[in-house]
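Right, one structure below, let's go through it.
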């Protein structure tokens, strides 16, 4: 098989997400493939450590709610049905792999800009999107605004 | 621009090259893009060190000649004209970047299978195909025969 059947785009919901989506939509349409979007929220405990005594569950909820709104906005713009909009919490590469495997995706698309974007692909080798992926990975170079 | 204009495929000329080429050809045709192939020969001095007193220039020549034959075979099979078949000697990621920049390519495709394939993409961060690339990079997961 030289074309794709299901393309999953991992988005950080930054302003560059649109550039990535435009390319993803083109590629999915070329292959007549299903297009899904995913946003992975990294757990706050991981990000800020657990030594600050505060209730983070409400912040986590707010982040989740905002992400859902932002992802839906992109979904609406690019004609992606709600059932193909995924949000999960965890380590981005791991979550993307699991989602891709569960959804039988054959192409994962992620953005890449400088160090931040690269970390999603490269990360530590064992956690990178590429490593451990059983499908193709496209890194779309985004121009920072 | 959501489609591509010039796709360069970096091939190691192994038996998996055909799988990568089939995908590359499909993507290039979808975008109505030019398709080029490249094989980078790593210098023998780098690979084996320089402490063995032997004339390596003839070996290097033989490798170059064989690579040219193999690349041309693939080129013929996928309808790629000789002027779009590139062979150079150096560090694969660096050479691919330079070629992509020179040829104004907007997508580099490389194969990825286990550690060997990954090293081309990941390598050390500074030497990876992704790092330092000004265009998109697609890692095609190949099934080893």
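Chains as they are written, first to last, in this note's numbering: chain W, 63 to 207; chain L, 63 to 207.
Ideal Cβ placement from N, Cα and C applies to all residues, glycine included.
For residue 173/W, the enclosing beta strand (DSSP E) stretches over residues 169-174.
When C-alpha distances from residue 195/W are compared across 167/W, 124/W, 202/W, 77/W, the shortest belongs to 167/W.
Taking a cut-off of 8 Å on C-beta distances, the segment 157-174 of chain W does not touch the segment 122-130 of chain W, as fewer than three cross pairs fall below it. Taking residue 146/L as the centre and dropping the five residues before and after it, the same chain places the C-beta of 98 closer than 6 Å to its C-beta, in chain order. Residue 198/W: not part of any alpha helix (DSSP H); member of the beta strand (DSSP E) spanning 198-203, first to last residue.
Interface with chain W (8 Å Cβ-Cβ cutoff): residue 71/L is excluded.
For the pair residue 154/W and residue 104/W, the CB atoms are nearer than the 8 Å cut-off. Chain order gives the chain W residues near residue 84/L as 64, where near means a beta carbon separation below 8 Å. Boundaries cannot be given for residue 141/W, as no beta strand (DSSP E) includes it and DSSP labels it neither H nor E. With respect to residue 161/L, residue 149/L sits apart: the two C-beta atoms are not nearer than 8 Å. Residue 165/W is positioned such that its CB atom lies closer than 8 Å to that of residue 68/W. Under DSSP, residue 99/L shares a beta bridge with 71/L, 147/L. Selection 70/W, 201/W, 94/W, 159/W evaluated against residue 137/W yields 70/W as nearest (Cα-Cα). Looking at the backbone, the Cα of residue 201/L and that of residue 197/W are separated by about 9 Å. If you check the CB distance, residue 93/L and residue 65/L come in under 8 Å. Interface with chain L (8 Å Cβ-Cβ cutoff): residue 199/W is included. When rounded, the separation of the alpha-carbon atoms in residue 203/L and residue 87/W is 21 Å. Burial state of residue 72/W is buried, judged by a 10 Å Cβ sphere holding 16 or more other Cβ atoms. For the set 157/W, 152/W, 119/W, 95/W, the Cα lying nearest the Cα of residue 142/W is the one of 95/W.
Interface flag for residue 140/L against chain W is unset, since no Cβ pair is found closer than 8 Å. In the DSSP assignment, residue 164/L falls within the unbroken alpha helix (DSSP H) covering 154-164.
Taking 8 Å as the threshold, the shortest C-beta distance from residue 172/L to chain W does not fall below it. Annotation: Cβ neighbours of residue 202/L in chain W (cutoff 7 Å, chain order): 198. Taking 8 Å as the CB threshold, residue 79/L stays off the interface with chain W. Apart from the 5 residues on each side of it in sequence, residue 130/L sits with its Cβ closer than 7 Å to the Cβ of 149 in its chain, given in chain order. A straight line joining the alpha-carbon of residue 199/L with that of residue 78/W spans about 17 Å. The beta carbon of residue 164/L sits no closer than 8 Å to any beta carbon of chain W.
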